[in-house]
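Before any comments, here is the structure.
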Amino acid sequence: MDSGRKSPLLLQREVQLCAYNRFFLESTVMAEYAQLLTHPVPGVYVLPSDDSPLIWYGLMFVRTGMYQGAVFKFTLSIPMNYPDGGCPAFDFQAGVFHPLVHAETGELDTKKEFQRWRRDVNHLRNLFLYARNIFYSIDTAHTLNGEAARLYAGGHATCTGNLVCSQLHQRSRQVQGQGAREHHQLPASGLEP
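According to this note's numbering, the residues represented by the sequence shown are 64 to 256, in order.
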């Protein structure tokens, strides 16, 4: 007769498995961070949150091209089933006017590069390289921001004005320090690319 209750032995085993999975997840994520320290992505700086190793805060400096001089803040959210789950969420924090960045949420279109996240092939460093490279090689097919794609495809002159406005808006938000900032979130004021 099944009363619907789990035996204490089964509960203890589930707790141990959960603790192991959490340990495996955190050690996997910290190994990815160590890889970034030994093989940094030029112009990208990240720190894990002090609240969770699954949330990282970062700054991206764009050094050449149409976005030259821009400094963008972003948040990386790593899923609980990493590295077996989907691609981590990469969100710019404000005002990035780009065909592959959602105009309202700041979400980067990672599906374009990582249709399926593969644990033995994909690493967080690959995601940071992709995020940085979207500012150097602009693709207007399958976009999250149709307006930015149309402006860019229609001519760089029209789009450049909006990109400059986007950069100025982003920099002013960073310098003013609007919004709450976590202890380990990287400050952007006064920094040059």
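From the three backbone atoms N, C-alpha and C, an ideal C-beta is built for every residue, glycine too.
Backbone secondary structure at residue i - three-state DSSP
i, result
"M123", "strand"
"Y199", "coil"
"E176", "coil"
"E171", "According to the sequence as given, residue 171 is Leu; it is not Glu. Three-state result, L171: strand."
"V92", "helix"
"N208", "coil"
"N84", "helix"
"R182", "coil"
Integer Cβ distance of residue i from residue j, believed to fall under 8 Å
i, j, result
"Y215", "I201", "6 Å"
"V134", "R195", "No, V134 and R195 are not in contact; Cβ-Cβ is about 12 Å, not under 8 Å."
"R188", "H102", "6 Å"
"G169", "F155", "4 Å"
Residues bridged to residue i [DSSP beta-bridge criterion]
i, result
"F155", "F137"
"V164", "L171"
Alpha-carbon spacing of residue i relative to residue j, whole angstroms
i, j, result
"L100", "M93", "10 Å"
"L231", "G121", "Residue confidence is low: L231 scores 41 on pLDDT, short of 50, so the model does not pin down where it sits. No coordinate-derived value is stated."
"P111", "M143", "15 Å"
"E210", "G128", "20 Å"
"K175", "E89", "27 Å"
"F87", "N185", "17 Å"
"L139", "A212", "24 Å"
"R85", "W180", "20 Å"
"H165", "N208", "5 Å"
"F160", "T206", "12 Å"
Whole beta strand (DSSP E) elements within the segment 96-153, 3-residue minimum: 107-111, 118-124, 134-140
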